[in-house]
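Chains as they are written, first to last, in UniProt numbering: chain A, 1 to 153; chain B, 1 to 153.
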DNA sequence: TGGAGGTAGTTAAGATTTGAACGACTTACG
DNA sequence: CGTAAGTCGTTCAAATCTTAACTACCTCCA
């Protein structure tokens, strides 16, 4: 009844459970730090980071949604909130009047910098520093492959 | 301006970005499968799984919340929904009248079994089969350590 | 031209989640 | 005992997220 020929084996189960738990808990930790240090959700942070990395600090809503891995309607909501907080600005796009630029304001850049040290600390203390350099490389390679494979479907 | 002495290095960044993306995308995939195969959210599924693993198929709300990694108030909502769907039943706890048992019904067990093959398929195809056996072990060890460390804080 | 069909972003309604506060009960300790 | 402090699960309001339209615009091709 509880045995099943194609259930996951112990090694597989350990990897899967570990992955699930680590993802959950780490996200929790990050969410907490970002909220405490700058009143941002993890989603908001990802949006700001993508914008900060983009040329001219701006991206069209669609591209931003894809890069930050959020739905379009969720991004609409998020950007509205971020705009209300003065961290992002919406701008009309000349070349395609359907499009809208989401652009990082100076305030937005500042908010990002304010929150980043704590964010790095969490990532380091909770993940990076817990792994050996070998584990770090294996994990990086393996999970990048996993993600790429999921993206191309 | 964008350079920072204690920013993550390339290997670290790859591991972190890979982890973040893999977690996001895999969760998305699972959410989709569970919804399609049985109308369950990933959260609901986790709740049912923990109950199925527990002796007598039941757990107190608090323990269930801890094991399924959800907040108490979220669990209250979830269990109410699952109860409405007939998959879970609430029972009074004799030994501690503050507590409430959440108990898997036969229907709940059936719903779980119905959805499990697809779930396993997703986990295998998206994660397990993408990794070499060595990667699987390294990942399992490393992430279990990461999770344990985060749990004990 | 003039649509057909696709894309960009928003909206509205409903579902879910959060976080603080609450009532009921238990436990520990003076 | 009797009460202070803690735990258990729920509730409520507010915040957030999802889904399915919907408007406006762009592209392509007859």
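Note that CB positions come from ideal geometry on N, CA and C, so glycine has one too.
Here the structure is a predicted model, which means the values were calculated and not measured.
- Identification of chain A residues near residue 24 of chain B by a Cβ-Cβ cut-off of 7 Å yields 69, ordered along the chain.
- A straight-line Cα-Cα distance of about 11 Å links residue 49 of chain A and residue 59 of chain A.
- Residue-level contact check: residue 105 of chain B does not touch chain A, since none of the beta carbons of chain A fall below 8 Å from its beta carbon.
- By DSSP's assignment, residue 91 of chain B forms a beta bridge with B/101.
- Look at residue 121 of chain A here: in three-state DSSP terms it is helix.
- Contacts with chain B at 8 Å (Cβ-Cβ) do not include residue 47 of chain A.
- Burial state of residue 153 of chain A is exposed, judged by a 10 Å Cβ sphere holding fewer than 16 other Cβ atoms.
- Residue pairing by DSSP places residue 11 of chain B opposite no residue, since no beta bridge is assigned to it.
- By the beta-carbon neighbour count (other beta carbons within 10 angstroms, threshold 16), residue 32 of chain B is exposed.
- At least 8 Å separates the CB of residue 76 of chain A from every CB of chain B.
- Straight-line spacing of the CA atoms in residue 34 of chain A and residue 6 of chain A works out to 41 Å.
- Checking the DSSP bridge columns, you'll see residue 58 of chain B partnered with B/103.
- Within the model, the alpha-carbon separation for residue 146 of chain B versus residue 108 of chain B is close to 32 Å.
- Burial of residue 46 of chain B is indicated by the presence of at least 16 other C-beta atoms within 10 angstroms of its C-beta.
- Identification of chain A residues near residue 50 of chain B by a Cβ-Cβ cut-off of 8 Å yields none; the smallest Cβ-Cβ distance measures about 12 Å.
- Taken through DSSP and simplified to helix, strand or coil, residue 73 of chain A comes out as helix.
- If you draw a 10 Å sphere on the C-beta of residue 28 of chain B, you find fewer than 16 other C-beta atoms in it, and that means exposed.
- Residue 64 of chain B is not a Cβ neighbour of residue 82 of chain B, given a cutoff of 8 Å.
- Rounded to whole angstroms, the separation of the alpha carbons of residue 91 of chain B and residue 132 of chain B is 45 Å.
- Minimum Cα-Cα distance from residue 13 of chain B among the listed residues A/119, A/150, A/113 and A/13 corresponds to A/119.
- Taking 8 Å as the cut-off, the beta carbon of residue 104 of chain B is found closer than this to the beta carbon of residue 88 of chain B.
- Looking at the backbone, the Cα of residue 21 of chain B and that of residue 142 of chain A are separated by about 12 Å.
- At a C-beta separation below 7 Å, residue 11 of chain B has these neighbours in chain A: 136, 137 and 140.
- With distances taken between CA atoms, residue 97 of chain B lies nearest to B/61 out of B/134, B/61 and B/54.
- One thing to note: residue 122 of chain A has its Cβ within 8 Å of the Cβ of residue 30 of chain A.
- Annotation: residue 40 of chain B is outside any alpha helix (DSSP H) and is labelled neither H nor E by DSSP.
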